[in-house]
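Sequence order for the protein chains is A and B. Under our numbering, the final residue of the first sequence carries the number 405; numbering is consecutive throughout. Under our numbering, the final residue of the second sequence carries the number 405; numbering is consecutive throughout.
Protein chains: 2
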Amino acid sequence: MSEQAAVLFANDAFYLAFTTRDPDAMEDVWARSIPVTCIHPGWNVVTGREGVMESWRAILANPESPQVTCRQATAHVLGDVAYVVCFETIEKNHLVATNVFMREDGAWRMVHHQAGITAQGPSESDDGTPDRMQ
Amino acid sequence: MSEQAAVLFANDAFYLAFTTRDPDAMEDVWARSIPVTCIHPGWNVVTGREGVMESWRAILANPESPQVTCRQATAHVLGDVAYVVCFETIEKNHLVATNVFMREDGAWRMVHHQAGITAQGPSESDDGTPDRMQ
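Here's what the structure looks like:
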């Protein structure tokens, strides 16, 4: 598997944990060796693993949290760090996200996530099926 | 200068180029060796140096573009890559930004920028003066 594919696989794991509301899987996605950061849409910055995990547990436990689909993810590998830019489709709304990963114990783990509103969604050529989710 | 300070210095250079509407300085901020990416608030993703520079030239040339102040920047150094999370104050509105840098030719250069709306701005303890701009 190429490094880009490995990073996109880690990115998929994040959205799969999100979609399946699986807090254990979400725990596995995020790095443990450094303080992580997360900016949920419209929230303030959450810093540190404990706070970030608490924020995800609240989101995943909320039955009214919307379903998210990741589309048009592109991975940019910069040695032992990588970032993914992708769209998040939530019902009929679109967000755009930056997901930063680092290599930790041989795996790509998330260190930072920011999602925010975008004026446009995925390009018209997108047929509506998720690009990277199985 | 610590690596964190060096990254924050590069982050300052970005906001200084933005504030002074200096396209040449903005050119210097961004990496040349890899395709860069940029998500302006409410825009779609801009990919590649040419497109990103074109977007900045349009923003910097527009006399109606608002003034931006960077506040509460924190740098996270991950070897030869780093990311900064900071607030951008634009008039009375607040955005939150992720700025990714990589080491290129001995300098920290920007490879990715995302700014988006945040519900809250900098913490109350912020005295209103820019943290990192001189």
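Cβ coordinates follow ideal geometry from the N, Cα and C atoms, glycine included. These numbers come from a predicted model, not from an experiment.
In the structure shown, the three-state DSSP call for W327(B) is helix.
For N315(A), a Cβ of chain B is located within less than 9 Å of the residue's own Cβ. Using a Cβ-Cβ distance cut-off of 8 Å, the stretch 341-351 of chain B and the stretch 275-285 of chain B are in contact, since at least three pairs of beta carbons, one from each stretch, lie closer than that value.
Distance from G387(B) to Q391(A) at the Cβ level is roughly 14 Å; contact not present, criterion being Cβ atoms closer than 8 Å.
With fewer than 16 other Cβ atoms inside 10 Å of its own Cβ, A332(B) counts as exposed.
At a C-beta separation below 7 Å, M373(A) has these neighbours in chain B: L349. Put simply, of F285(B), T290(B), A281(B), A284(B) the residue whose alpha carbon is nearest the alpha carbon of E335(B) is T290(B). Within 7 Å of the CB of Y354(B), the CB atoms of chain A belong to V371, H383, in sequence order along the chain. Sequence-distant partners of T389(A) (beyond 5 residues in either direction) whose C-beta falls short of 8 Å from its own C-beta, in its chain, are F358, H365, L366, V367. For N364(A), the enclosing beta strand (DSSP E) has its first and last residue at 364-375. When C-beta distances to chain B are compared with 8 Å, the residues of the stretch 302-336 of chain A below that value are I305, P306, T308, I310, P312, G313, W314, N315, V316, T318, in chain order. R328(B) is not a Cβ neighbour of P306(B), given a cutoff of 9 Å. If you check the CB distance, T308(B) and V323(B) come in under 9 Å. Counting only residues of its own chain and dropping the five nearest sequence neighbours on each side, V300(B) has a CB closer than 6 Å to the CB of A284, F285, A288, M381. N282(B) and M297(B) have their C-alpha atoms spaced approximately 11 Å apart. For T360(B), the enclosing beta strand (DSSP E) stretches over residues 352-361. The Cβ atoms of T369(A) and T318(B) lie no closer than 9 Å to each other. By the Cβ-count criterion, R342(B) is buried, with 16 or more other Cβ atoms from all chains shown falling within 10 Å of its own Cβ.
Boundaries of the beta strand (DSSP E) harbouring Q343(A): 339-349, taken from the DSSP string. According to the DSSP secondary-structure assignment, T308(A) is paired through a beta bridge with T318(A), H383(A).
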